[in-house]
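So the sequence shown is numbered by my numbering: it starts at 129 and just counts up by one.
Take a look at the structure set out below.
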Amino acid sequence: MPEVVMKRILENSDIRSIFTLRKVSRGFRDFIDSTIPDANLEMIQIFIAPDYISVRYDTFNKKIYRITHRITDQNGCVLELGNEKKKSIDKDYVTAFCDDFVNILRHQKSILRYFLLGWKGEQDRYSEELEQTGLQILKDIEERALKIRRAPLKVLSLRINSANKESMMCILPYINSEILETIGLSSPCIFSRKVMDMGEIVDLEQWKKAKALYTPGIFLTANVRDLSHFEKGNFYLKSVTVEDLVYLKEKFLASPSFENIYIGFFSFFPDFEQFLQLFGPPSFEEHFQNTWMIKYPNSKKSLKIVASLRYIHFESAIFF
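Structure representation (structure tokens):
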């Protein structure tokens, strides 16, 4: 078959069709392996459970594929393709999943709107052992796929359901920093109040150029200056000073693109009396909550600041 015909066929094929076409002929297989056509995936969601790993792929043509590798009593696993027949595999479920996923990720060239690594049945089935399985998977993906890619993976929104810094470092450095907009870090046990030291994460270009940050269930140990570039988000801090909050106020007032940020505190508000001295009298006072309205220079917008004992909320908008 002429190459131009094969190329035209592959341009209109999703990832499942590509792997099916590899089996059509040796010529097709060699052409696919040499050109590596785009998988055209829009979303990847990986869910890890004690007895299986399930991944959902959403394609550009609105098809959804669900693939599950499930543990069996014999040291292998079974492969489930949606509701289709099961296929036995002589590998453990983590290895089998990684083998398949690495091959698929190799073909992903277009922009992924969303990439998630999470847990199934987070609240009642989560364990440290399960998180280590997730870390093992990420390390395998890093070594076998991300490190050897010709170009960084293009992802708009990345979410890792882990309070382990090592998990994020397995993937964030390999994301295209010009494409990434949103970073999500969430604790598998959202009420556990996990503390995460951000360390070298904040030095990455991917972190510095992202626009939104969400960390439900995780309290960050980080300098607020490494968080002040975010335009929107909902995150939690292990510790914060009144001087930090003054810095954020000035930074947000100077940013024309700032939208909305909620910051939760691990303990109570640092020093409310000092805060009042530096911020001045509030525009509105309610029970355990104070509101300031600060006009932007040369603008109809105002920065609304709402502070209570457990959080502070900054919002930029036109208020009437």
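Cβ coordinates follow ideal geometry from the N, Cα and C atoms, glycine included.
Since the model is a prediction, treat every value here as computed from it, not as a measurement.
Quiz item: Would a C-beta distance cut-off of 8 Å place GLN402 and VAL370 closer than the cut-off?
Solution: yes
Exercise. Work out the CA separation of ALA167 and PHE358 for me, nearest whole Å.
Key: 31 Å
Self-check item: Neighbourhood of VAL374 by C-beta distance below 8 Å, restricted to the same chain and skipping five residues each side
Solution: LEU406, PHE407
Quiz prompt | Opposing strand residues paired with GLU371 [DSSP bridges] | solution = Paired residues: none, contrary to the question.
Quiz prompt | Within 8 Å, strictly: CB atoms of GLN236 and LEU281 | solution = yes
Quiz prompt | Whole-angstrom distance between THR310 and ASN231, CA atom to CA atom | solution = 26 Å
Self-check item: For THR261, the first and last residue of its enclosing alpha helix (DSSP H)
Solution: 256-269
Exercise. Could you check which residue in ILE265, SER238, ILE239 has the C-alpha nearest to that of TRP247?
Key: ILE265
Self-check item: Same chain, Cβ closer than 8 Å to CYS226, neighbours up to 5 away in sequence not counted
Solution: ILE265, ASP268, ILE269, ARG272
Quiz item: Which same chain residues, not among the five before or five after ARG144, have their C-beta less than 7 Å away from its C-beta?
Solution: TYR193
Quiz prompt | Per DSSP, cross-strand counterpart(s) of CYS298 | solution = Beta-bridge pairing links CYS298 to no other residue.
Practice problem: From the DSSP output, in three-state form, read off TYR424 for me. | Solution: coil
Quiz item: Looking only at C-alpha atoms, which of ILE422, SER436, LEU332, SER385 sits nearest to ASP399?
Solution: SER436
Quiz prompt | Which listed residue (ASP158, LEU233, GLY210, GLU413) has its alpha carbon closest to that of ARG278 | solution = LEU233
Quiz item: Roughly how many angstroms lie between the CA atoms of LYS322 and ASP331, to the nearest whole one?
Solution: 22 Å
Practice problem: Within the same chain, show all residues whose beta-carbon is closer than 7 Å to that of ILE199, passing over the 5 residues directly before and after it, in chain order. | Solution: ASP179, TYR180, CYS205, TYR221
Quiz item: What whole-angstrom Cβ distance do LEU263 and SER295 have, given they're in contact under 8 Å?
Solution: 5 Å
Quiz item: Assuming THR187 contacts LEU169 under a Cβ cut-off of 8 Å, what Cβ separation, rounded to an integer in Å, is found between them?
Solution: 6 Å
Exercise. Would you mind sorting ALA382 into buried or exposed? The rule is 16 or more other CB atoms within 10 Å of its CB.
Key: exposed
Practice problem: Return the chain-ordered list of same chain residues with a C-beta closer than 7 Å to the C-beta of LYS336, the five sequence neighbours on each side being excluded. | Solution: HIS357
Exercise. May I ask you to report which of helix, strand or coil DSSP gives CYS226?
Key: helix
Quiz prompt | Limits of the alpha helix (DSSP H) - the one that LYS237 falls within | solution = Element bounds for LYS237: n/a, residue is neither H nor E.
Practice problem: State the Cα-Cα distance for the pair MET324 and TYR390, rounded to the nearest angstrom. | Solution: 18 Å
Quiz item: Which whole-angstrom value describes the C-beta separation of PHE393 and TYR439, a residue pair presumed to lie in contact below a C-beta threshold of 8 Å?
Solution: 6 Å
Quiz item: Roughly how many angstroms separate the alpha carbons of GLN260 and GLN173, rounded to a whole number?
Solution: 18 Å
Self-check item: Beta-bridge partners of GLY361, as assigned by DSSP
Solution: LEU341, ILE389
Quiz item: Would you say LEU376 and PHE363 are within 8 Å of each other, going by their C-beta atoms?
Solution: no
Quiz item: Terminal residues of the continuous beta strand (DSSP E) containing LEU169?
Solution: 169-177
Quiz prompt | Residue from SER216, VAL368, ASN211 whose Cα sits closest to the Cα of SER395 | solution = VAL368
Quiz item: For ALA224, is the classification buried or exposed, using 16 other Cβ atoms within 10 angstroms of its Cβ as the cut-off for buried?
Solution: buried
Exercise. Alpha carbon to alpha carbon, how far is VAL283 from PHE229? Give it in angstroms, no decimals.
Key: 16 Å
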